[in-house]
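A.B. asks:
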Amino acid sequence: MKQTKRFLAVVLCMLLMLTPLATVAETVHAASPQTVKVKLDKKTGKRYGYDANNQKVTNNWGVTSSGFRYYFNKNGAAYQADKDTVGKYGILMKKIGTKYYGFDVNGHTVQGIRVGSPNIYDIPKLYYFNPKTGAVDTKKTTLYRKYAATSTLGKLNNASKIKKVLGKYKKCTISKSNTCMLDGNGKDVTYTYDYVQLNVVRPTGKGSSAEVVASITVRR
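In our numbering, the protein residues as written are 4 to 223.
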C-alpha cells in the first residue's frame, strides 16, 4: 500500500512539473503583422509605420488596410529599394530572421519571380518569393534558375519552360540585326513582363529550332 501511494505521489509530481511547460508551448506562436498607417517623409523619401496608438513601429512587420506589407527597421524606416540604384522594377533584399525577403521601391514586399541580389556587389539573379509569406522559396528558385540558365555553345537551354512559368508577356521586341550567339544565325528577342525581361535567341534559317535562353534581367 505504501509503495502504491509513493508511486502515485511521484506521478502527480511529474504531472505538476509538466503542466507549465504545456501551457507555455501553446502560447508561443508567430505573431501576425500588425495593422499600420504608413507615412512618407518627402524630404528623405523614407516611409514610416505607425500603430493604432500612433506609435512608430520598429524592428517589426506591418500591413496596411490595403494589404501592403512592410518591414520597419530599428529606426522605424521601411526597407525599400533605391530607384536610382536598381531602377523602377528592382528590389532590395534583406535577411530577416533566417529567411530573405524582397522589397520594391515603395517598400512593399514582393512576390513571385524577381531579379535581385542580397549583396550590391553581386550580379543580380532570379529569385522566387512565396506569394503568401514573401520569403524566398529556395526550391522554386533553384528550379526556375535552371529553366532560365544562359545557353552556351555546349548546351542550349530551351526557353519554353521559363516562358510558361512567367506567363503572358506585356511586350515582345525583335532585333533587326542578327544575334551574336548561334554563329549569328538568329534574332535577339526580348519578352517584357511586369518586373523582369526574358532575353532569348530565335534561330533562323534552315533547320532552325526553338528559342533558347540568353538571360533574364530586371525590367528596364
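The C-beta atom is built at its ideal place from N, Cα and C for all residues, glycine as well. All values derive from a computational prediction rather than experimental measurement.
Please identify the residue among Leu185, Lys142, Leu169 and Leu159 whose C-alpha is closest to the C-alpha of Thr220.
C.D. replies: Taking the first residue of the sequence shown as 1, we reach residue 220 at position 217. Among Leu185, Lys142, Leu169 and Leu159, the Cα nearest to that of Thr220 is on Leu169.
A.B. asks: Touching or not, the region 158 to 177 and the region 76 to 92, by the rule of three or more beta carbon pairs under 8 Å?
C.D. replies: No, the region 158 to 177 does not touch the region 76 to 92.
A.B. asks: Taking Cβ positions, are Lys207 and Gly189 nearer each other than 7 Å?
C.D. replies: Position 204 of the sequence shown holds residue 207. Position 186 of the sequence shown holds residue 189. What sits at residue 207 in the sequence shown is Thr, not Lys. Going by C-beta atoms, Thr207 is nearer than 7 Å to Gly189.
A.B. asks: Enumerate in chain order the residues of its own chain whose CB-to-CB distance from Trp64 is below 6 Å, with the five nearest sequence positions on each side excluded.
C.D. replies: Looking up residue 64 in the sequence shown gives position 61. Here the set comprises Pro36 and Tyr74.
A.B. asks: Under a three-way DSSP split, which group does Arg148 fall into?
C.D. replies: Translated into the one-based positions of the sequence shown, residue 148 becomes position 145. Arg148 falls in the helix class under three-state DSSP.
A.B. asks: Taking Asn62 as the reference, which of Gly52, Ser69, Asn56 and Ser68 has the closest Cα?
C.D. replies: Residue numbering aside, residue 62 sits at position 59 when the sequence shown is read from its first letter. Of the listed residues, the one whose Cα sits closest to Asn62 is Gly52.
A.B. asks: Using a threshold of 7 Å, state whether the C-beta atoms of Tyr131 and Asp140 are closer than that.
C.D. replies: Taking the sequence shown and counting its residues from 1, one reaches residue 131 at position 128. Taking the sequence shown and counting its residues from 1, one reaches residue 140 at position 137. Yes; because the gap between Cβ atoms is below 7 Å, this pair is in contact.
A.B. asks: Do Glu2 and Val199 have their CB atoms nearer than 7 Å?
C.D. replies: Residue 2 lies beyond the range of the chain shown here (4 to 223); nothing can be said about it.
A.B. asks: Just reading off the alpha helix (DSSP H) that Ile165 is part of, what are its end residues?
C.D. replies: Numbered from 1 along the sequence shown, position 162 holds the residue referred to as residue 165. Ser163 to Leu169 is the span of the alpha helix (DSSP H), which, as asked, contains Ile165.
A.B. asks: Can you tell me which of the three DSSP states Leu129 falls into?
C.D. replies: Position 126 of the sequence shown holds residue 129. In the structure shown, Leu129 sits in a strand (DSSP, three-state: E or B).
A.B. asks: Given a threshold of 16 other Cβ atoms within 10 Å of its Cβ, counted over all protein chains shown, does Arg117 qualify as buried or as exposed?
C.D. replies: Position 114 of the sequence shown, counted from the start, is the residue given in the question as residue 117. Classification of Arg117: buried, given that the 10 Å Cβ count is 16 or more.
A.B. asks: By DSSP, does Asp140 sit in helix, in strand, or in coil?
C.D. replies: Here residue 140 refers to the residue found at position 137 of the sequence shown. Correct three-state label for Asp140: coil.
A.B. asks: From Gly110 to Ser212, what does the alpha carbon distance come to, in whole angstroms?
C.D. replies: One-based indexing of the sequence shown puts residue 110 at position 107. One-based indexing of the sequence shown puts residue 212 at position 209. Those two C-alpha atoms are separated by around 42 Å.
A.B. asks: To the nearest angstrom, how far is the alpha carbon of Val113 from that of Gly137?
C.D. replies: Position 110 of the sequence shown, counted from the first residue, corresponds to residue 113. Position 134 of the sequence shown, counted from the first residue, corresponds to residue 137. Spanning the two alpha carbons is a distance of roughly 6 Å.
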